[in-house]
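Single-structure report; data block below.
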Amino acid sequence: MTLRALLPYLAAGSFFLKAEPLITLQEANGTDQLKVELINLEKDTALLRRADGQEFDTPLAYLSKESRADIRTTWMSHRAKIEKHLDPLNKALGYPLFASNGNIWNESAGAIGNRLRLPLESKTPFTSSYRLYTQSGFTFAGAQPKTVVVYGDHNGRTLSLSIIYSNKGDSLSTVGAGEDHFKSNGKEVDRNTLEGAMIFDAAAIAKTISGVLGEPTDQRMLGQGNKSHKVQRWDWNGHSFLLAHVEEEYVGLNIVRASFADGGGRFPRVSDGDIRVRLKDSVTSDANGDVVIKDIPMVDQGPKGYCAPATFERAMRHAGVPADMYLLATLATVGGGGTNTAKLYDEVAFTTRSKGGRTARQIALKSLAPNKIRRYIDKGVPILWQMCSLSGYNQVANGRTRARKGVKDWAGYATKIATVAEKNAEALQQKANYHICLIIGYNEATNEIAVSDSWGKNYTIRWIHVDEAEAVSNRSGYVIDI
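Take 13 as the starting number for the sequence shown in the numbering used here and just add one per residue.
Below, the structure is given as structure tokens:
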């Protein structure tokens, strides 16, 4: 087998991840030159990556004498640079983020999540996340974060890390998690201390990273919406550490590919055709009449009023547009919650159009009947539904979802819940507990819709009769369409 057959020729302008050294190889007894990334060298075999991401174990015997020498020299130099900072950097961060290869972009998001002890939040064929809301004593880079999340890409590999420290959502929240989101947690907050905590966190993190990697450079990065913010940037082995202190909002440390930071925060766009196929393939139909969109990323908003940012993040990532609920929350959320959803939508519309080429639209939801919402569900587009998450509504949704698991006579079930739903709808008329969640499915035979809340995996899907849903509906919503 020739080197040309193994690694097709790549033009000089091809895109590489730039996390590993680039080398130009020449085939033994040949003249073709091939530009590749050198990922690893063990004994007499090199692991090489070409620009399309394909990796190959290549025996050095396939290469010219000069190329073999270049590989060995380059690898020794590369390893020396890694080993100089690897242990000190892990020690400074407080966790073994980097394995011996010194490159998290060559590892799965799950491997990074395991080393940082982050539980799996969500995993779909196209995206994944591992998230931890920390407890006292957890420190990362010299300060205690509120949350740590690792995002994975469509190949399962690590895409980025987002570590959020003092911020208005967690620091000023007085609500509980899950259904207790609408109940007071009894926490007393002092808004005057928030900025002081932010200043302390930002200074501690900068000192910690600078102690290993030297002084940072300043840069502006695109955020969510039509906004950019200043960050301090440190680079190491294809990784950029970006520290942001957005006044009165949050302190956050993002770890991203250096190529992403070089581009100022611009993500590569997934084509419309690929997204259409992906979304359509996510729709499933069951024998009982259930039509449901599967594989929508879960985001657990935790104990803060971020239902709208978390729900928009879920819909955006499902449509192939990267998002982070904390950054979305800075656009239209006051301390602890109280999102101005209309303003957030405006910013999301800009982001989905400019970064992903998708269309965000506000829609009227005068009726939630399956024949009214199927135009979106059938093509894999969830509906962001504005509603009132009343205690009675949640009790009904929880009970109905449990009851469905034992149903054998679906016609009888449909008749039974129609009678119950009519009575329940009369009791669900209070305007309170304003909330936003996803409508992800329907069943025309039973006149039900499937909903999903940003409260963790236990709320991935719940079922509610249309009459009950319309009783708590605010008759409007949003879609990120294709």
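Ideal placement from N, C-alpha and C gives every residue a C-beta, glycine not left out. A quick note: this is a predicted structure, and the numbers were derived from the prediction, not measured.
Rounded to the nearest angstrom, how far is the Cβ of residue i from that of residue j, given a contact under 8 Å?
i: Thr296; j: Ala320; result: Thr296 to Ala320, Cβ: 27 Å. No contact.
i: Tyr388; j: Val491; result: 6 Å
i: Trp248; j: Leu225; result: 6 Å
i: Asp477; j: Ala433; result: Just to set this straight, residue 477 is His in the shown sequence, not Asp. Going by Cβ atoms, the distance from His477 to Ala433 rounds to 4 Å, so yes, they are a contact pair.
i: Asp336; j: Val263; result: 14 Å between Cβ atoms; not a contact.
i: Leu5; j: Val243; result: Shown here, the chain extends from 13 to 494; a query on residue 5 therefore has no answer.
i: Ala209; j: Ala153; result: About 15 Å; that fails the 8 Å criterion.
i: Asn102; j: Phe110; result: 6 Å
i: Met310; j: Ser172; result: About 18 Å; that fails the 8 Å criterion.
i: Ile452; j: Ser464; result: 5 Å
i: Ala439; j: Gly404; result: 6 Å
Would you decide whether residue i is buried or exposed? Buried here means 16 or more other CB atoms lie within 10 Å of its CB.
i: Glu32; result: buried
i: Thr70; result: buried
i: Gly277; result: buried
i: Gly181; result: buried
i: Ser252; result: buried
i: Lys158; result: buried
i: Ala24; result: Because Ala24 sits at a pLDDT of 36, beneath the cut-off of 50, its placement in the model cannot be relied upon, and the point is left open.
i: Gly250; result: buried
i: Pro280; result: exposed
i: Asn167; result: exposed
i: Ala155; result: buried
i: Asp479; result: buried
i: Leu75; result: buried
i: Pro100; result: exposed
i: Asp64; result: exposed
i: Ala495; result: The shown model of the chain, from 13 to 494, leaves out residue 495, and the question about it has no answer.
i: Tyr21; result: Residue confidence for Tyr21 is low, a pLDDT of 39 falling below 50, so the modelled location carries little weight and cannot support an answer.
i: Ser485; result: buried
i: Gly223; result: exposed
i: Gly317; result: buried
i: Thr229; result: exposed
i: Ala121; result: buried
i: Ser379; result: exposed
i: Glu12; result: This structure gives no information on residue 12, because the portion of the chain shown stretches from 13 to 494.
i: Glu325; result: buried
i: Asp274; result: exposed
i: Gln149; result: Contrary to the premise, residue 149 reads as Gly rather than Gln in this sequence. That one is exposed.
i: Met13; result: Residue placement at Met13 is flagged as unreliable, the pLDDT there being 42, under the threshold of 50; the coordinate-derived value follows with that caveat. Met13 comes out exposed.
i: Ser26; result: Only weak support exists for where Ser26 lies, its pLDDT of 45 falling under 50; the value from the coordinates is given anyway. By the 10 Å Cβ count, Ser26 comes out exposed.
i: Thr427; result: exposed
i: Ser183; result: buried
i: Glu495; result: The requested residue 495 does not occur in the structure, where the chain is confined to residues 13 to 494.
i: Thr220; result: buried
i: Leu19; result: Here the model assigns Leu19 a pLDDT of 48, short of 50, so the residue's position is not dependable, and the following value carries that caveat. By the neighbour-count rule (16 or more Cβ atoms within 10 Å), Leu19 is buried.
Tell me, which residues are paired with residue i by DSSP?
i: Asp230; result: Gln244
i: Phe68; result: Leu60
i: Val162; result: Tyr142, Leu173
i: Ala372; result: Ile492
i: Tyr425; result: Per DSSP, none; premise fails for Tyr425.
i: Tyr262; result: Asn179, Val258
i: Val295; result: Ile305
i: Glu78; result: DSSP lists no partner for Glu78.
i: Thr36; result: Lys47
i: Ser379; result: None, per the DSSP bridge assignment.
i: Gln497; result: It is not possible to answer for residue 497, since the shown part of the chain is limited to 13 through 494.
i: His251; result: Trp248, Arg269
i: Asn52; result: Leu59
i: Trp397; result: Cys449, Gly489
At a Cβ threshold of 8 Å, is residue i touching chain D?
i: Lys443; result: Included in the structure is just one protein chain, with no chain D present.
For the region 304-346, which segments carrying the alpha helix (DSSP H) assignment without a break, of at least 4 residues, lie completely within its bounds, in sequence order? Taking only runs of at least 4 residues, the alpha helix (DSSP H) segments lying wholly in the region 304-346 are 319-330, 337-344.
Would you say the region 43-60 touches the region 77-89, given that touching needs at least three Cβ pairs under 8 Å? Touching, per the Cβ criterion.
Please go through the region 437-485 and give each complete alpha helix (DSSP H) segment of 4 or more residues, from N-terminal end onward. 478-484, all fully within the region 437-485.
Tell me the start and end of each unbroken alpha helix (DSSP H) in the region 113-140 that is at least 4 residues and wholly inside, in chain order. Runs found: 121-128.
Quick one: any contact between the region 325-341 and the region 305-314, if contact means 3 or more CB pairs under 8 Å? Yes, since at least three Cβ pairs between the region 325-341 and the region 305-314 fall closer than 8 Å, the two stretches touch.
Does the pairing of the region 467-474 with the region 365-377 give three or more beta-carbon distances under 8 Å? At 8 Å Cβ cutoff, the stretches do not touch.
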